[in-house]
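**Student:** I have a structure I would like to understand better, so I am pasting it below and will then ask my questions one at a time.
2 protein chains.
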Amino acid sequence: MIKYEGLELVSGGVCAPKGFKAAGVHCGIRKNRAKKDLAMICSDQLCDAAAVYTQNLVKGAPILVTQQNLKNGKAQAVIVNSGNANTCNADGEAKAAAMCEIAGKALNLPEEDVIVASTGVIGQVLELEPIVSHAEELAKALSYEGGHDAANAILTTDTCEKEVAVRFELAGKTCTIAGMAKGSGMIHPNMATMLCFMTTDAAIDHEVLQKALSTVVNDTFNMVSVDGDTSTNDMASIMANGMAGNPLIDSVESEEYELFREALFAVLMNLSRMIAGDGEGATKLLECVVTGAVDTQNAKIIAKSVITSNLFKCAMFGEDANWGRILCAIGYSKADLDIHKVEVILSSEAGSLQVCKNGAGVAFSEEKAAEILKEEEIKIIVNLGDGNGKAVAWGCDLTYNYVKINGDYRT
Amino acid sequence: MIKYEGLELVSGGVCAPKGFKAAGVHCGIRKNRAKKDLAMICSDQLCDAAAVYTQNLVKGAPILVTQQNLKNGKAQAVIVNSGNANTCNADGEAKAAAMCEIAGKALNLPEEDVIVASTGVIGQVLELEPIVSHAEELAKALSYEGGHDAANAILTTDTCEKEVAVRFELAGKTCTIAGMAKGSGMIHPNMATMLCFMTTDAAIDHEVLQKALSTVVNDTFNMVSVDGDTSTNDMASIMANGMAGNPLIDSVESEEYELFREALFAVLMNLSRMIAGDGEGATKLLECVVTGAVDTQNAKIIAKSVITSNLFKCAMFGEDANWGRILCAIGYSKADLDIHKVEVILSSEAGSLQVCKNGAGVAFSEEKAAEILKEEEIKIIVNLGDGNGKAVAWGCDLTYNYVKINGDYRT
Chain A
81 MIKYEGLELV SGGVCAPKGF KAAGVHCGIR KNRAKKDLAM ICSDQLCDAA AVYTQNLVKG
141 APILVTQQNL KNGKAQAVIV NSGNANTCNA DGEAKAAAMC EIAGKALNLP EEDVIVASTG
201 VIGQVLELEP IVSHAEELAK ALSYEGGHDA ANAILTTDTC EKEVAVRFEL AGKTCTIAGM
261 AKGSGMIHPN MATMLCFMTT DAAIDHEVLQ KALSTVVNDT FNMVSVDGDT STNDMASIMA
321 NGMAGNPLID SVESEEYELF REALFAVLMN LSRMIAGDGE GATKLLECVV TGAVDTQNAK
381 IIAKSVITSN LFKCAMFGED ANWGRILCAI GYSKADLDIH KVEVILSSEA GSLQVCKNGA
441 GVAFSEEKAA EILKEEEIKI IVNLGDGNGK AVAWGCDLTY NYVKINGDYR T
Chain B
81 MIKYEGLELV SGGVCAPKGF KAAGVHCGIR KNRAKKDLAM ICSDQLCDAA AVYTQNLVKG
141 APILVTQQNL KNGKAQAVIV NSGNANTCNA DGEAKAAAMC EIAGKALNLP EEDVIVASTG
201 VIGQVLELEP IVSHAEELAK ALSYEGGHDA ANAILTTDTC EKEVAVRFEL AGKTCTIAGM
261 AKGSGMIHPN MATMLCFMTT DAAIDHEVLQ KALSTVVNDT FNMVSVDGDT STNDMASIMA
321 NGMAGNPLID SVESEEYELF REALFAVLMN LSRMIAGDGE GATKLLECVV TGAVDTQNAK
381 IIAKSVITSN LFKCAMFGED ANWGRILCAI GYSKADLDIH KVEVILSSEA GSLQVCKNGA
441 GVAFSEEKAA EILKEEEIKI IVNLGDGNGK AVAWGCDLTY NYVKINGDYR T
């Protein structure tokens with residue numbers, strides 16, 4: 081977990097901010113009874129809300145319904161199932177809308193104030209019966225300590241829950257922002273992401289909230305790649321219930337907006353690292369730090385190209401300092417750069433090692449390289465010397481287990 | 081091997097056209113003495129020549145030297161080593177130029193008439209000594225039956241030689257076009273390709289030859305992807321020595337140009353299929369056929385997006401009819417299409433099966449799907465209903481062996 085000055089990491093997940101309850105249960109969409117498959121989050125008060133969605137032309141039905149429900153910038157609850165994406169189904173939108181209706185009824189609030197999401201296999205008809213028959217149980221299970229259960233229920237091939245909450249001061253009031261996410265496979269977000277549900281007790285206008293979310297997602301989730309496949313169901317939503325009692329943040333020009341944005345960045349950056357490190361089959365978290373690019377956009381293109389290269393990812397799995405593949409991925413990234421100035425450094429807790437200077441190899445100790453690459457968190461530092469652009473991207477290695485998991489996902 | 085009317089498939093590889101000798105030897109760039117690592121092709125006469133190169137910003141040193149040597153559109157010989165890419169080396173260009181000089185001396189022809197190429201690890205200094213000490217042996221080994229030895233010597237992780245030769249009539253004369261290629265990993269050509277060396281005895285002006293090559297490469301090699309990584313050393317060259325005796329083809333408007341282009345297409349299309357089917361670790365050749373796209377460009381984008389998806393490639397390895405991943409890859413391709421009209425059919429020698437209609441799933445027999453996907457050659461047919469654009473792309477499945485080969489390539 082990366083810490084930031086002025087921010088305190090706290091436990092409790094999406095229930096860490098005031099006035100948010102959550103729960104997760106097994107309802108039967110998944111056959112495995114040991115795996116929770118239905119999650120709910122509910123705020124004590126109506127919230128300002130914002131969301132970003134996948135840019136895939138094929139959009140999951142829940143996304144279309146959520147977009148509709150968030151048009152007024154308000155929401156109070158979230159319902160999510162795992163095990164079925166409810167995507168590419170002729171009856172998908174009707175089923176997603178029914179999920180909102182079921183949740184609204186159980187919580188006694190308007191269905192238009194419900195955010196709905198689904199994750200799992202594409203193109204299999206979603207049965208509503210398990211959700212209908214477990215909605216009451218789920219609503220009753222809601223508690224101020226239920227964040228972890230909810231974080232568990234949204235997982236698919238993830239191996240661990242992904243939760244972050246940070247506490248900070250806003251105009252003399254203690255505010256909290258929290259998020260839970262699922263990632264693992266089909267992860268290469270574009271303008272939106274895998275599933276992520278955030279809560280905050282800060283008071284913030286929904287238009288300003290949307291701006292903060294979109295800005296921060298561009299530098300966090302959109303810089304993660306597990307396998308280059310942009311999912312059909314990516315969504316990140318945030319609900320702000322204002323119960324921290326801070327004066328409403330209603331402008332992006334205020335100091336409070338900056339503080340809020342920074343805290344949100346800390347939450348999403350940490351979730352991004354968790355998603356990358358827990359990519360399907362992954363044994364290593366890879367972080368590519370690009371500096372000296374012509375501008376930020378070019379730095380982003382390069383960082384993401386390196387982190388997305390299958391060949392580079394395999395080399396990291398093999399703990400092989402095959403830096404030529406990094407140069408190759410920089411070269412085909414279509415970024416604007418002078419390849420003759422490129423410098424590459426491999427770094428981890430075991431130390432740092434320069435492997436490339438002026439676009440050509442330098443003599444290095446293979447022994448030292450092996451030590452560095454043995455670690456579970458590897459940093460690839462690319463210095464370009466072309467300007468002031470910098471960016472960070474996160475990914476993971478490509479392993480036998482990725483192939484295993486995805487060679488037989490449906491069965 | 082796909083056959084075309086009016087074209088006869090013949091043996092002999094790059095030596096099938098009149099007046100071309102070839103050879104392949106082990107010179108010692110590779111440690112494994114059983115593996116040939118140095119190839120040569122030589123024409124009895126000076127040829128019109130053309131080539132296309134990688135669009136990677138990082139370009140192998142041999143590419144820069146070959147570009148220089150082909151400026152006058154003439155060449156007579158090719159020298160290629162495997163085991164070392166001679167790329168990202170400070171002394172790379174000097175070494176590549178020296179390879180031309182060594183070949184020219186051994187063959188008694190100007191070094192400017194030599195095409196040079198290298199394939200293997202990036203960023204390791206190329207030792208010239210093995211080439212110097214074996215140049216005479218290689219030149220002496222040249223023969224009209226040496227095509228297969230040359231095709232063998234250029235392989236890296238390929239599991240088989242890739243050679244095609246076709247014979248056809250041109251203005252009453254029998255002409256032959258042949259090619260040998262290597263592929264396997266770092267294969268996602270962009271405007272050029274993996275290594276491919278073609279020979280023909282047709283008489284054709286080098287500018288017209290360049291046009292034919294560029295056009296055909298766009299529909300063949302540029303539609304192949306093994307792993308999404310565009311290599312630094314991709315190159316495809318062709319030498320035409322005119323010994324078939326046909327009247328010189330000096331215009332793209334002629335009927336003879338069309339016949340030549342079609343024969344060249346047959347050679348490169350078959351080599352493309354061989355490269356895809358022999359991708360690193362591959363167990364299956366995947367062919368994605370897109371029809372009904374708005375235009376050819378959109379059809380190409382969609383076909384290539386499907387064939388490049390890691391998730392789809394893993395599903396094919398697992399023989400799992402997970403068609404949702406095909407829809408997902410179509411959706412993020414950025415192509416212009418109406419997703420609600422998409423139809424997907426899986427096909428192989430075992431039969432055909434529709435799995436998706438109007439962008440949604442249709443009920444299908446999993447048993448039948450399993451039978452179809454058991455085959456080694458799988459066709460994915462995507463019908464869009466948006467227009468007349470069509471395209472074909474070739475790829476392979478993503479397997480444990482891909483990860484194995486690339487987790488430890490250098491050692």
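If you read the protein sequences in the order shown, they are chains A and B. Throughout, the working numbering is defined as the position within the first sequence, counted from one, plus 80. Throughout, the working numbering is defined as the position within the second sequence, counted from one, plus 80. Every residue gets a Cβ at the ideal spot worked out from N, C-alpha and C, and that includes glycine. Just so we're clear, the structure is a prediction, and the values are computed from it rather than from any experiment.
Using a beta-carbon distance cut-off of less than 8 Å, what residues from the segment 342-365 of chain A approach chain B?
**Tutor:** Listed in sequence order: no entries.
**Student:** Count the other CB atoms within 10 Å of the CB of A:THR146; is the residue buried (16 or more) or exposed (fewer)?
**Tutor:** With 16 or more Cβ atoms within 10 Å of its Cβ, A:THR146 is classed as buried.
**Student:** Between B:GLY99 and B:GLY252, what straight-line distance do the alpha-carbon atoms span, to the nearest angstrom?
**Tutor:** Answer to the nearest angstrom: the Cα atoms are 19 Å apart.
**Student:** Among residues of its own chain, excluding the 5 on either side of A:CYS436, which ones have a beta-carbon nearer than 6 Å to its beta-carbon?
**Tutor:** TRP403 and VAL424.
**Student:** Three Cβ pairs or more, each shorter than 8 Å: is that satisfied between the segment 378-386 of chain A and the segment 102-112 of chain A?
**Tutor:** Flag = no, the segment 378-386 of chain A and the segment 102-112 of chain A do not touch.
**Student:** Which term fits A:ALA272, buried or exposed, when burial requires 16 or more other beta carbons within 10 angstroms of its beta carbon?
**Tutor:** Caution is warranted here: a pLDDT of 39 is assigned to A:ALA272, below 50, making its placement in the model unreliable, and the coordinate value is therefore given only provisionally. Result: buried.
**Student:** For A:CYS240, I'd like the list of residues in its chain whose CB is within less than 7 Å of its CB, leaving aside the five on either flank, ordered along the chain.
**Tutor:** Only ASP358 meet the Cβ criterion.
**Student:** Quick one: grab the DSSP three-state call for A:ARG405.
**Tutor:** Three-state DSSP puts A:ARG405 in a helix.
**Student:** What does the Cβ neighbour count give for A:ASP418, buried or exposed, with the cut at 16 atoms within 10 Å?
**Tutor:** A:ASP418 should be labelled exposed.
**Student:** Taking the C-alpha atoms as reference points, what is the distance between B:ASN486 and B:GLN135?
**Tutor:** Distance between the alpha carbons of B:ASN486 and B:GLN135 is about 23 Å.
**Student:** With DSSP run on the structure shown, which of helix, strand or coil describes B:CYS476?
**Tutor:** Reduced to three states, the DSSP call for B:CYS476 is strand.
**Student:** Give the residues from the segment 384-395 of chain A that approach chain B closer than 7 Å (Cβ to any Cβ), ordered along the chain.
**Tutor:** Residues passing the 7 Å Cβ filter: SER389, ASN390, LEU391, CYS394 and ALA395.
**Student:** Whole-angstrom Cβ separation of A:ALA343 and A:ILE202, contact assumed at under 8 Å?
**Tutor:** A:ALA343 to A:ILE202, Cβ: 35 Å. No contact.
**Student:** Which residues in chain B have a C-beta closer than 9 Å to the C-beta of A:GLY465? List them in chain order.
**Tutor:** Per Cβ cutoff of 9 Å: no residues; A:GLY465 is ~15 Å from chain B at best.
**Student:** So what does A:ARG247 bridge to, in DSSP terms?
**Tutor:** In DSSP, A:ARG247 forms a bridge with A:GLU88 and A:THR256.
**Student:** Tell me, which residues are paired with B:ASP128 by DSSP?
**Tutor:** In the DSSP output, where bridge partners are listed per residue, B:ASP128 has B:LYS154 and B:ALA320.
**Student:** Mind listing the chain B neighbours of A:PHE248? Cutoff is C-beta to C-beta under 7 Å, in chain order.
**Tutor:** In chain order: nothing, as chain B lies at least about 36 Å away.
**Student:** Taking 9 Å as the cut-off, decide whether the C-beta atoms of A:THR280 and A:ALA320 are in contact.
**Tutor:** Yes, the pair counts as a contact, with Cβ atoms nearer than the cut-off.
**Student:** Of the choices B:ASN166, B:LEU150 and B:VAL370, whose alpha-carbon is the least far from that of B:ALA197?
**Tutor:** Comparing Cα-Cα distances from B:ALA197 to each of B:ASN166, B:LEU150 and B:VAL370, the minimum goes to B:ASN166.
**Student:** Can you tell me whether B:ILE82 is buried or exposed, with buried defined as 16 or more other CB within 10 angstroms of its CB?
**Tutor:** By the neighbour-count rule (16 or more Cβ atoms within 10 Å), B:ILE82 is not buried but exposed.
**Student:** Tell me where the alpha helix (DSSP H) around B:CYS107 begins and ends.
**Tutor:** Element bounds for B:CYS107: n/a, residue is neither H nor E.
**Student:** Would you report the Cα separation of A:GLY108 and A:ALA362, rounded to the nearest angstrom?
**Tutor:** If you take the alpha carbons of A:GLY108 and A:ALA362, they lie about 28 Å apart.
**Student:** Would you list the one or two residues that DSSP bridges to A:ASN161?
**Tutor:** Answer is A:LEU118 and A:SER198.
**Student:** Quick one: which chain A residues come within Cβ less than 7 Å of B:TYR480?
**Tutor:** Correct list: TYR480 and VAL483.
**Student:** For A:THR491, does the count of other Cβ atoms within 10 angstroms reach 16, so buried, or fall short, so exposed?
**Tutor:** Its pLDDT being 49, under 50, A:THR491 is placed unreliably in this model, and the value from its coordinates should be taken loosely. The residue in question, A:THR491, is exposed, as its Cβ has fewer than 16 Cβ neighbours within 10 Å.
**Student:** Just grab the DSSP bridge partners of A:TYR331 for me.
**Tutor:** Per the sequence shown, the amino acid found at residue 331 of chain A is Ser instead of Tyr. A:SER331 is not bridged to any residue.
**Student:** Count the other C-beta atoms from every protein chain shown that fall within 10 angstroms of the C-beta of B:ASN326, then say buried if there are 16 or more, exposed otherwise.
**Tutor:** Under this definition B:ASN326 is a buried residue.
**Student:** For the segment 201-229 of chain B, list every residue whose C-beta sits within 9 Å of some C-beta in chain A, in sequence order.
**Tutor:** Here the close residues are VAL201, ILE202, GLY203, GLN204 and VAL205.
**Student:** When the distance is taken between beta carbons, is A:ALA176 closer than 9 Å to A:LEU150?
**Tutor:** Taking 9 Å as the Cβ cut-off, A:LEU150 and A:ALA176 do not qualify as a contacting pair.
**Student:** So is B:ASN188 buried or exposed if we call it buried at 16+ other beta carbons inside 10 Å?
**Tutor:** Result: exposed.
**Student:** For B:PHE397, return the contacting residues in chain A, with the cut-off set at a CB-CB distance below 7 Å.
**Tutor:** Neighbours of B:PHE397 on chain A, chain order: VAL483 and GLY487.
**Student:** Nearest to A:GLU336 by CA position, among A:ALA283, A:THR295, A:MET303 and A:PHE301, is which residue?
**Tutor:** For A:GLU336, the nearest C-alpha among the options comes from A:ALA283.
**Student:** Would you list the residues sitting across from A:ALA373 in a DSSP beta bridge?
**Tutor:** A:GLY469, per the DSSP bridge assignment.
**Student:** When DSSP labels each residue in this structure, what does B:ALA231 get in the three-state scheme?
**Tutor:** Note: B:ALA231 maps to helix in three-state DSSP.
**Student:** Just to check my reading of the structure: A:MET303 and A:TRP474 have Cβ atoms closer than 8 Å, yes? What is that Cβ distance to the nearest angstrom?
**Tutor:** Right, their Cβ atoms sit about 6 Å apart.
**Student:** Only counting the same chain, and skipping five residues up and downstream in sequence, which positions put a Cβ closer than 6 Å to that of A:THR231?
**Tutor:** The question names Thr, but residue 231 of chain A is Ala in the sequence shown. The residues are GLY93, GLU241, GLU243 and MET260.
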